[in-house]
Amino acid sequence: MERTATFKKDQFEQFFCLLKSFGKVFAPVRVSEKSFSFKSIESPSQIAFEALRTILPPKKFFFQQHEPILSYDENGIHEVKPETQQQVIFGVHPCDLAGLGIMDKVYTASPPDPHYIARRQATMLVGLSCMPDKHCFCKSMGTDSPTSDYDLFLTDIGDKYFVQIHSANGLNLIESMPDFFSRPEAQEDQTFKDFWTTRDKAFSSHFESENLPAIMDMEWNSQVWDDLGNRCLSCGNCTPVCPTCYCFDMVDVASLHANRGERVREWDSCQFVGFAKVAGDTNFRPGPVDRLKFWYRHKLHGFEDPHGLPTCVGCGRCTESCPAGIDDIVNVVLRLQGKPSILVTDKKKTQAGGCGTSCGDCQCDTADGDQHA
Amino acid sequence: MLSSNMSKGQERSQTIPSIAVHGLTGCAGELLVILENLEQLIPYVRVASFPFAQSSNEEDRPVDIAFVEGSVSQPHDLERLLKIRAQARWLVAVGNCAVWGCVQKGGCRNQSTVSLLHETYGEDSPIECLPATPLQDHVRVDVKLSGCPINATQLLAVTASLLRDHLPYITSKPVCLECKLRENACVLIEQNLPCLGPVTAGGCGALCPTYGAACYGCWGPCEQPQMEAMATILEEKGYDMQEVMSRLFAFGAPDELFERVKKNLTAKS
Ligand code: SF4
Ligand code: SF4
Ligand code: SF4
Ligand code: SF4
């Protein structure tokens, strides 16, 4: 059973010291007018409590961008021990907790990844409630409340935080300062429930996701993929920002010293042309249309693998960080479902004088030459 | 440092791999990067030839690795390049000029070579010039290490690989990846700046966007850049198509990459 507690917001400084007693604290920090990033912080005044989505999701703390995993020298090949530190990630919203849940599944499945697991085990995850903006659609993906292996989750109930305690580490931390926390009063339980009811009604982007995998299968040949894919820059912005994109590339880096070198793992993206290229220069997904469709499939349908999950948790990061405006997942799903929707490609068509549909049958301006003819 | 290495060079030449560093038409930026990092290379290689940095150089002798900067823009560049190629086991094109032709090639696209020559050196200039071209238009290039200037870490890694007879790994993923890894706010999205990061090869660590400026493509194109999509998106942001084209063209990328963009441009006008 989950235990709960409350503490006063104006005593956040003390709560912060408690977190620091566990390890180095990371929290969302504002980096530009619109953007945030999880960074190491020394004082609560640095925390951007208003942050919804950070540029990179918290996966970066466990699945590192660039990491030597083996080294070799005259004496043979050696495993590189993962670098770990005791750390607290503060301010993780429900979508990102769900994202980490998916990452956990992938990286703990056999054969487990010792680097990922070592860092995950040295980390305390402290969640924080949020109010959705127009790009949030976690509710549609069923990832809108805290799930998976978090330690503590804070809900904003006015002048207090309502704390859900979800792990032994979390409980130990709370019990180390018993006088600081209170048992929630009946009224506070009610405020907590009201908060989540209000939040549930606050989503402006939504679709029914029950039949999503089936619809993705049915619409595999939809014109939507050509229309959107032909605008795709193959810039790959959509995958590092995704809390569940777990793909990497492996490179051997020789050293100038004879017989020495490293095998390094680096983040990769299925949107890059080299990703599906194999010997003989054969490419399973040679064009941006193939790659975009594949990306959408992994996000909304899942692979034919043991996990088999749709891997989108509805955080809206890809929507916000796609320069071409084509990662508009909500509208793409609505379009595939045959419901009212607006896509970036519609505007272009109307302006170009086409009929505004994506039939692709005629030679009107709507059709983009090569792709449609 | 250099001269002592040279004097020992002769007796060590049998055992230690040799390198040569040459500059054709370029700004010497790559030569400077190599010079700056030579101390790290010297324990492992013998500098057989580096006319920019040392006075005594071997001519017409086989060399393991030849680094060549600059584009072929004059007849004597071509003569030298053919000689270098004939003597080198591995030929590494260093810098955008050598790999793509850089601004010289970009410039030659807009104006005739003759008018460029006259405007720069006067009507009676004795200089002979050719339309600027990258090394690969004339000789086999084993490794293309672009940059403006090149990244020192990549230079050392390329050398290390070649010393082990590995073909080096050089990223051709776009600048956007490095930009996202640094968690920069995207200047194309947030500020509508004409950032060419999506079509430009990474390696610089997204230097310009990190300082709030648009990437102007100095590293040359990434692998299979989506030029047409890039042009569409910049045009939608209000950039005039001529300006978009001149930005895309500036750093010497090959014409084939722009065929569809140009077709659309002609169709519109
Ligand atoms: S696909 Fe997009 S919205 Fe879904 S989890 Fe990934 S970044 Fe978030
Ligand atoms: S969407 Fe692409 S990059 Fe992301 S996890 Fe799937 S295959 Fe990998
Ligand atoms: S979908 Fe958008 S973010 Fe992803 S590669 Fe294409 S243009 Fe870039
Ligand atoms: S600022 Fe430029 S390089 Fe960085 S993500 Fe945006 S488009 Fe790419």
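Chains P and U supply the protein sequences, listed in that same order. Each residue of the first sequence is one higher than the one before, starting from 24 at the first, in this note's numbering. Each residue of the second sequence is one higher than the one before, starting from 47 at the first, in this note's numbering. The beta-carbon is built from N, C-alpha and C at its ideal position, and this holds for glycine as well.
Open item on the list: Please tell me whether P:Pro266 and P:His324 are closer than 7 angstroms, where the distance is taken between their beta carbons.
Closed with: If you check the CB distance, P:Pro266 and P:His324 do not come in under 7 angstroms.
Task: Proximity test, Cβ basis, 7 angstroms: P:Val287 and chain U - done: With 7 angstroms as the cut-off, P:Val287 does not count as an interface residue toward chain U.
Open item on the list: Taking the alpha carbon of P:Asp291 as the reference point, which residue from P:Cys258, P:His280, P:Ala347 and P:Lys316 has its own alpha carbon closest?
Closed with: Ranking P:Cys258, P:His280, P:Ala347 and P:Lys316 by CA distance to the CA of P:Asp291 puts P:Cys258 first.
Open item on the list: Does U:Gln150 pass the burial test, meaning 16 or more other C-beta atoms within 10 Å, or should it be called exposed?
Closed with: Result: buried.
Open item on the list: Can you check whether the C-beta of U:Pro220 is within less than 7 angstroms of a C-beta belonging to chain P?
Closed with: Closer than 7 angstroms: yes.
Task: Distance between U:Pro121 and P:Asn260 (C-alpha atoms, nearest Å) - done: Straight-line Cα distance between these residues: approximately 43 angstroms.
TODO: Express the C-alpha separation of U:Ser119 and U:Glu169 in angstroms, rounding to a whole number.
DONE: C-alpha of U:Glu169 to C-alpha of U:Ser119: approximately 18 angstroms in a straight line.
TODO: Output the residue ranges of the alpha helix (DSSP H) runs that lie fully inside the region 140-198 of chain P and measure 4 residues or longer, sorted by chain position.
DONE: Taking only runs of at least 4 residues, the alpha helix (DSSP H) segments lying wholly in the region 140-198 of chain P are 161-164 and 191-198.
- [ ] May I ask you to list, following chain order, the residues of the region 71-97 of chain U that have a beta carbon less than 8 angstroms from some beta carbon of chain P?
- [x] For the region 71-97 of chain U, which is checked against every Cβ of chain P, the residues closer than 8 angstroms are Gln86, Leu87, Pro89 and Tyr90.
Task: Beta-carbon contacts of P:Ile125 that lie in its chain and below 6 angstroms, excluding the five residues immediately before and after - done: Closer than 6 angstroms at the Cβ level, and outside the excluded window around P:Ile125, lie Thr267 and Thr334.
Open item on the list: Output needed for U:Arg131: all residues of its chain with C-beta closer than 6 angstroms, excluding positions within five of it in sequence on either side, in chain order.
Closed with: Leu137 and Val185, listed in sequence order.
Open item on the list: Taking its Cβ as the centre, do 16 or more other Cβ atoms sit within 10 Å of P:Pro81, making it buried, or is it exposed?
Closed with: Classification for P:Pro81: buried.
Task: Three or more C-beta pairs below 8 angstroms linking the region 149-165 of chain U and the region 75-82 of chain U - done: With a cut-off of 8 angstroms on Cβ pairs, the region 149-165 of chain U is not in contact with the region 75-82 of chain U, counting fewer than three such pairs.
Open item on the list: Strictly by DSSP, which residues pair up with P:Leu323?
Closed with: Answer by DSSP bridge pairing: none, since P:Leu323 is not bridged.
Open item on the list: Check for me: the alpha helix (DSSP H) holding P:Met200 runs from which residue to which?
Closed with: Taken as a continuous stretch (DSSP letters only), P:Met200 belongs to no alpha helix (DSSP H), as it is neither H nor E.
Open item on the list: Quick check: the Cα distance between P:Ser199 and P:Asp223, rounded to an integer number of angstroms?
Closed with: About 34 angstroms.
- [ ] Starting from the Cα of P:Lys322, find the closest Cα among P:Ser232, P:Arg308 and P:Ser364 and give me that residue.
- [x] Taking only the C-alpha atoms, the option nearest P:Lys322 is P:Ser232.
TODO: Output the distance between the C-alpha atoms of U:Gly116 and U:Leu77, rounded to the nearest integer angstrom.
DONE: C-alpha separation (whole angstroms): 10 angstroms.
TODO: Please check the pair U:Ala94 and U:Ser64, which I expect to be a contact at CB under 8 angstroms, by giving their CB distance rounded to whole angstroms.
DONE: Sure, about 4 angstroms apart at Cβ, within 8 angstroms.
Task: Rounded C-alpha distance that separates P:Asp250 from P:Asn244 - done: Going by the C-alpha atoms only, they are around 12 angstroms apart.
Task: chain U within 7 angstroms of P:Gln88, Cβ atoms only - done: So yes, P:Gln88 belongs to the interface.
Open item on the list: I need the residues with a C-beta less than 6 angstroms from some heavy atom of ligand 3; please give them in chain order.
Closed with: For ligand 3, the selected residues are P:Cys255, P:Leu256, P:Ser257, P:Cys258, P:Gly259, P:Asn260, P:Cys261, P:Gln294, P:Leu315, P:Cys345, P:Pro346, P:Ala347, P:Ile349 and P:Asp350.
Open item on the list: Please state the DSSP three-state secondary structure of P:Glu56.
Closed with: Here DSSP, grouped into helix, strand and coil, assigns P:Glu56 to coil.
Task: Nearest to U:Cys194 (by Cα), restricted to the options U:Asp123, U:Thr246 and U:Cys222 - done: Residue U:Thr246 is the option with its Cα nearest to U:Cys194.
Open item on the list: Looking at chain P, is there any beta carbon in it that lies within less than 7 angstroms of the beta carbon of U:Gln272?
Closed with: It does: the Cβ of U:Gln272 has a partner Cβ on chain P nearer than 7 angstroms.
Open item on the list: Under 7 angstroms, Cβ to Cβ, is there at least one residue of chain U near P:Pro322?
Closed with: The residue you asked about is not Pro; residue 322 of chain P is Lys in the sequence shown. Answer no: the Cβ-Cβ gap between P:Lys322 and chain U never drops below 7 angstroms.
Open item on the list: By the DSSP assignment, the alpha helix (DSSP H) with U:Val221 in it spans what residues?
Closed with: It spans Val221 to Leu227 - the alpha helix (DSSP H) in which U:Val221 sits, taken as one unbroken run.
TODO: Between the Cα of U:His68 and those of U:Val109, U:Leu208, U:Gln86 and U:Val114, spot the shortest distance and give me the residue it belongs to.
DONE: It is U:Val114 whose Cα lies nearest to the Cα of U:His68.
Open item on the list: Below 8 angstroms on C-beta distance, what does U:Tyr215 contact in chain P?
Closed with: Those within 8 angstroms of U:Tyr215 in chain P are Val274, Asp275 and Val276.
- [ ] Tell me, please, whether the region 273-292 of chain P touches the region 208-228 of chain U by the rule of three or more beta-carbon pairs shorter than 8 angstroms.
- [x] Counting Cβ pairs under 8 angstroms, three or more are found: they touch.
- [ ] Verify the contact flag: P:Gly339, CB atom, against every heavy atom of ligand 1, threshold strictly below 6 angstroms.
- [x] Yes.
Open item on the list: For ligand 2, is there any heavy atom lying closer than 6 angstroms to the beta carbon of P:Trp290?
Closed with: Checking every heavy atom of ligand 2 against the Cβ of P:Trp290, none is found closer than 6 angstroms.
- [ ] Just mark P:Ala375 as buried or exposed, buried being the case when its beta carbon has 16 or more other beta carbons within 10 Å.
- [x] Interpretation of P:Ala375 is limited by its pLDDT of 47, a score under 50 that renders its predicted location unreliable; the figure taken from the coordinates is listed afterwards. Counting every other CB atom within 10 Å of its CB across the protein chains shown gives P:Ala375 a total below 16, marking it as exposed.
Task: Closer than 6 angstroms: U:Val233 CB and nearest ligand 4 heavy atom - done: At least one heavy atom of ligand 4 is nearer than 6 angstroms to the Cβ of U:Val233, so yes.
Task: Nearest candidate by alpha-carbon position, reference U:Lys39, set U:Glu105, U:Asp188 and U:Tyr257 - done: This structure cannot speak to residue 39 of chain U, because chain U is shown only from 47 to 315.
- [ ] Could you name the residues of the same chain whose beta carbon sits closer than 6 angstroms to that of U:Asn197, not counting the 5 residues immediately before and after it, in chain order?
- [x] For U:Asn197, where only same-chain residues beyond five positions count, the Cβ hits under 6 angstroms are Gly249.
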